[in-house]
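**Q**
Residue numbers (the working numbering): 18 to 584.
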């Protein structure tokens with residue numbers, strides 16, 4: 018659809034609009050009073066709390082489930098779908114929902130992509146044909162083993178393994194990345210047991226369908242935004258070269274790591290390979306098939322590049338195997354990563370950025386590396402290119418490559434400095450930024466670090482609010498999903514905080530189902546009031562920004578959260 022310039026109604030504010038996304042900072046209010054794991058509540062954060070309590074417009078909006086295109090309201094939101102919804106102004110079916118539909122309907126297994134790769138006896142794909150060595154290729158499934166439904170789902174993996182067996186695939190190897198981030202921090206063995214049960218059902222010998230390697234998702238393989246390529250290299254050495262400590266089973270590897278380092282959580286587990294007779298049972302070799310079954314793109318792009326790019330220079334691939342590689346989805350639509358994928362991504366068009374570009378409005382986007390892709394690629398509808406190089410300015414601050422709990426402030430101060438400079442330049446009508454702290458530090462499960470991270474964001478917001486007041490700008494503060502407001506697991510039946518055998522609380526590292534704050538303050542906001550929109554969510558923010566700037570929301574956009582006062 019052709020994007021036309023926005024229509025002005027002449028009733029907007031005079032200054033620019035600044036949108037701040039406090040990544041992973043939700044609202045826990047109203048849930049078991051006195052809950053001890055709310056980093057926002059425990060933090061010395063007068064600016065954030067003051068805005069939530071006293072801003073001219075202060076709402077709680079939905080950032081999970083159907084509000085961001087997920088299959089059900091039991092599904093957590095995440096930064097990718099959250100920024101998609103904010104930037105697009107509408108709700109699109111997202112990764113988990115798209116893949117779930119494709120698998121449940123059987124559509125994926127009839128598609129030419131799957132048929133060409135795996136096939137079936139009457140229509141054999143690559144997996145059912147001999148390689149140059151005369152043997153059929155091994156089919157490797159690689160990805161995050163959990164049911165968190167943020168990056169992947171174990172049920173998708175199991176269905177694909179079953180379909181491979183039905184097709185007549187002789188050899189399957191599974192390379193498991195352990196979660197503890199989107200699910201309970203020490204739940205890996207539950208998922209391993211479920212997978213092992215399926216493999217044993219399909220292959221009683223235990224020789225042909227088996228786990229081959231693994232490790233924690235924050236230790237190997239799943240880096241993003243070029244932040245830590247050595248992490249990906251470690252994954253390559255593990256999955257491809259079989260160069261990691263060897264164990265007889267995944268269970269043995271996990272239990273050994275926990276004994277060696279008490280308190281370690283799943284996401285940090287070291288790499289391992291399964292060995293038999295002193296040799297790895299499932300290294301990835303030339304002409305094999307590799308299916309990366311993660312559907313979320315950010316932490317799948319780098320390994321996809323390592324497998325598919327001929328001119329690859331991020332690390333020395335030893336061995337430099339040539340395989341048939343497919344992602345569950347296309348992880349970068351603009352750069353075509355990977356070239357082969359099993360489920361097409363959502364077709365997101367007519368984003369807020371595109372409308373602003375064709376309307377001649379200059380915009381600014383800023384974050385540190387960990388969330389830079391969210392305010393650019395995901396915000397622009399999974400598009401890594403600008404709509405107008407002259408009217409869109411993107412600024413990235415390199416993230417530190419250290420565990421986030423060691424420096425919970427991350428780059429909040431530098432982001433604030435850059436954002437204030439851009440605001441004071443007077444160049445931009447709309448500015449957006451992401452503070453990554455609440456999400457990245459929240460995922461570590463370290464409560465005090467999460468508290469410190471909130472305080473760092475609060476300090477930045479205090480300076481930014483002052484700069485907005487001086488510039489006559491409007492400041493919007495919100496979040497893309499919850500996380501750090503719920504740092505302790507709660508019992509599903511009683512709602513009480515869970516404790517371990519040693520009496521300490523069980524850390525929660527995943528996103529939440531909580532609403533997020535949405536506040537507006539600044540010059541001219543007194544002319545607006547809440548529109549009392551039914552089921553307000555992230556997708557309503559785009560129209561709200563346009564309302565403030567004095568433009569009509571495009572057709573099909575979710576309604577604005579505010580309207581002009583009638584008096």
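Where a beta carbon is used, it is the ideal one built from N, C-alpha and C, also for glycine.
Computed from a predicted model, the values in this text were never measured in an experiment.
What's the call for residue 90, buried or exposed, on a 16-neighbour Cβ count within 10 Å?
**A** The residue you call residue 90 lines up with position 73 of the chain shown. By the 10 Å Cβ count, residue 90 comes out exposed.
**Q** Count Cβ pairs between the stretch 234 to 245 and the stretch 386 to 393 that sit closer than 8 Å; are there 3 or more?
**A** Contact between the stretch 234 to 245 and the stretch 386 to 393 is present, because at least three Cβ pairs lie under 8 Å.
**Q** Within 10 Å of its beta-carbon, does residue 19 have 16 or more other beta-carbons around it, so buried, or fewer, so exposed?
**A** Numbered from 1 along the chain shown, position 2 holds the residue referred to as residue 19. Exposed.
**Q** Mapping DSSP to helix, strand and coil, what is residue 480?
**A** If you number the chain shown from 1, residue 480 lands on position 463. Helix.
**Q** Within the continuous alpha helix (DSSP H) that includes residue 70, where are the two ends?
**A** The residue labelled residue 70 in the question sits at position 53 within the chain shown. Per DSSP, residue 70 belongs to the alpha helix (DSSP H) from 63 to 71.
**Q** Beta-carbon separation of residue 259 and residue 237 under 8 Å?
**A** Here residue 259 is taken as the residue at index 242 of the chain shown, counted from 1. Here residue 237 is taken as the residue at index 220 of the chain shown, counted from 1. Cβ atoms of residue 259 and residue 237: not closer than 8 Å.
**Q** How many angstroms separate the CA atom of residue 425 from the CA atom of residue 66?
**A** Taking the chain shown and counting its residues from 1, the one referred to as residue 425 is at position 408. Taking the chain shown and counting its residues from 1, the one referred to as residue 66 is at position 49. Going from the Cα of residue 425 to the Cα of residue 66 covers about 19 Å.
**Q** By Cβ distance below 6 Å, which residues in the same chain neighbour residue 438 in space, the five residues on each side in sequence not counted?
**A** Numbered from its first residue, the chain shown carries residue 438 at position 421. Closer than 6 Å at the Cβ level, and outside the excluded window around residue 438, lies no residue.
**Q** Judging by CA-CA distance, which residue of 403, 371 and 418 is the nearest neighbour of residue 411?
**A** For this step, residue 411 is matched to residue 394 along the chain shown. The shortest C-alpha separation from residue 411 is found at 403.
**Q** Could you tell me which uninterrupted alpha helix (DSSP H) segments, each at least 4 residues in length, are contained entirely in the stretch 222 to 256, listed from first to last along the chain?
**A** Taking only runs of at least 4 residues, the alpha helix (DSSP H) segments lying wholly in the stretch 222 to 256 are 246 to 256.
**Q** Applying the 10 Å Cβ sphere with the 16-neighbour rule, what's the burial state of residue 68?
**A** Position 51 of the chain shown, counted from the start, is the residue given in the question as residue 68. Per the 10 Å Cβ criterion, buried.
**Q** Is it buried or exposed, residue 122, if we count other Cβ atoms within 10 angstroms and call 16 or more buried?
**A** Counting from one through the chain shown, the residue named residue 122 turns up at place 105. Flag for residue 122 reads exposed.
**Q** Would residue 96 and residue 497 be called neighbours here (beta carbons separated by less than 8 Å)?
**A** Taking the first residue of the chain shown as 1, we reach residue 96 at position 79. Taking the first residue of the chain shown as 1, we reach residue 497 at position 480. Contact: yes.
**Q** In whole angstroms, give me the CA-to-CA distance for residue 284 and residue 467.
**A** Position 267 of the chain shown, counted from the start, is the residue given in the question as residue 284. Position 450 of the chain shown, counted from the start, is the residue given in the question as residue 467. Going by the C-alpha atoms only, they are around 17 Å apart.
**Q** Based on DSSP bridge pairs, tell me the residues matched to residue 349.
**A** The residue you call residue 349 lines up with position 332 of the chain shown. In DSSP, residue 349 forms a bridge with 354.
**Q** Confirm, please, whether the CB-CB distance from residue 533 to residue 499 is below 8 Å.
**A** Counting from 1 along the chain shown, the entry for residue 499 is found at position 482. Counting from 1 along the chain shown, the entry for residue 533 is found at position 516. In this structure, residue 533 lies closer than 8 Å to residue 499 by Cβ.
**Q** Which of the three DSSP states is assigned to residue 590 in this structure?
**A** Only positions 18 to 584 of the chain appear in this structure, which leaves residue 590 out of reach.
**Q** My output table needs one value for residue 59: the three-state DSSP class, helix, strand or coil.
**A** One-based indexing of the chain shown puts residue 59 at position 42. Looking at residue 59 - three-state DSSP - the assignment turns out to be helix.
**Q** Using the beta-carbon count (16 or more within 10 Å), is residue 221 buried or exposed?
**A** For the purposes of this step, residue 221 is taken as the residue at position 204 of the chain shown. Answer is exposed; the Cβ neighbour count stays below 16.
**Q** Thinking residue 413 and residue 44 are a contact (beta carbons under 8 Å), I'd like their distance in whole angstroms, please.
**A** Residue mapping note: residue 413 aligns to position 396 of the chain shown, counting from 1. Residue mapping note: residue 44 aligns to position 27 of the chain shown, counting from 1. With a Cβ gap of about 29 Å, residue 413 and residue 44 do not count as contacting.
**Q** Straight-line CA distance for residue 211 to residue 205?
**A** What you label residue 211 is simply residue 194 of the chain shown in a count that begins at 1. What you label residue 205 is simply residue 188 of the chain shown in a count that begins at 1. Near 10 Å, if we compare the C-alpha coordinates of residue 205 and residue 211.
**Q** Between the alpha carbons of residue 281 and residue 291, how many angstroms are there, rounded?
**A** Within the chain shown, the letter at position 264 stands for residue 281. Within the chain shown, the letter at position 274 stands for residue 291. Taking the straight line joining both Cα atoms gives about 21 Å.
**Q** What does a CB cutoff of less than 7 Å around residue 126 pick up in its chain, not counting 5 residues either side in sequence?
**A** Position 109 of the chain shown holds residue 126. Excluding sequence neighbours, residue 126 sits near 180.
**Q** Do the CB positions of residue 80 and residue 99 come within less than 8 Å of each other?
**A** As a working mapping, residue 80 is identified with position 63 in the chain shown. As a working mapping, residue 99 is identified with position 82 in the chain shown. Contact: yes.
**Q** Grab the span of the alpha helix (DSSP H) containing residue 386 for me, first residue to last.
**A** Reading the chain shown from its first residue, position 369 is the one you call residue 386. 386 to 390 is the span of the alpha helix (DSSP H), which, as asked, contains residue 386.
**Q** If we count the other Cβ atoms within 10 Å of its Cβ and call it buried at 16 or more, is residue 364 buried or exposed?
**A** Counted from its first residue, the chain shown places residue 364 at position 347. It is exposed - the Cβ of residue 364 has fewer than 16 other Cβ atoms within 10 Å.
**Q** How should residue 111 be labelled, buried or exposed, when 16 other C-beta atoms within 10 angstroms of its C-beta is the threshold for buried?
**A** Position 94 of the chain shown holds residue 111. Its Cβ being crowded by 16 or more others within 10 Å, residue 111 is buried.
**Q** Starting from residue 38, follow the beta strand (DSSP E) in both directions and report where the run begins and ends.
**A** Within the chain shown, residue 38 is the residue found at index 21, counting from 1. Element bounds for residue 38: 34 to 39.
**Q** Select from 579, 193 and 530 the residue whose C-alpha is nearest the C-alpha of residue 551.
**A** By one-based count along the chain shown, residue 551 stands at place 534. When only C-alpha atoms are compared, the closest one is 579.
**Q** Give the secondary structure of residue 155 by DSSP, where H, G and I count as helix, E and B as strand, and everything else as coil.
**A** Residue numbering aside, residue 155 sits at position 138 when the chain shown is read from its first letter. In the structure shown, residue 155 sits in coil (DSSP, three-state: anything other than H, G, I, E or B).
**Q** Taking the alpha helix (DSSP H) that residue 454 belongs to, which residues open and close that run?
**A** Counting from 1 along the chain shown, the entry for residue 454 is found at position 437. It spans 454 to 457 - the alpha helix (DSSP H) in which residue 454 sits, taken as one unbroken run.
**Q** If residue 312 and residue 116 are in contact, beta carbons under 8 Å, what's the gap, nearest whole angstrom?
**A** Position 295 of the chain shown holds residue 312. Position 99 of the chain shown holds residue 116. Correct: roughly 5 Å between the Cβ atoms.
**Q** Can we say the stretch 515 to 528 touches the stretch 486 to 494, given the rule of at least three CB pairs closer than 8 Å?
**A** No contact exists between the stretch 515 to 528 and the stretch 486 to 494.
**Q** Return the residue from the list 203, 504 and 381 that minimises the CA-CA distance to residue 443.
**A** Counting from 1 along the chain shown, the entry for residue 443 is found at position 426. Minimum Cα distance to residue 443 is reached at 381.
**Q** On the DSSP letters alone, give me the boundaries of the alpha helix (DSSP H) that residue 618 sits inside.
**A** Coverage of the chain is limited to positions 18 through 584, which leaves residue 618 absent and any answer about it impossible.
**Q** If you measure between the beta carbons of residue 73 and residue 542, is that distance less than 8 Å?
**A** As a position in the chain shown, residue 73 is number 56, starting the count at 1. As a position in the chain shown, residue 542 is number 525, starting the count at 1. Yes; because the gap between Cβ atoms is below 8 Å, this pair is in contact.
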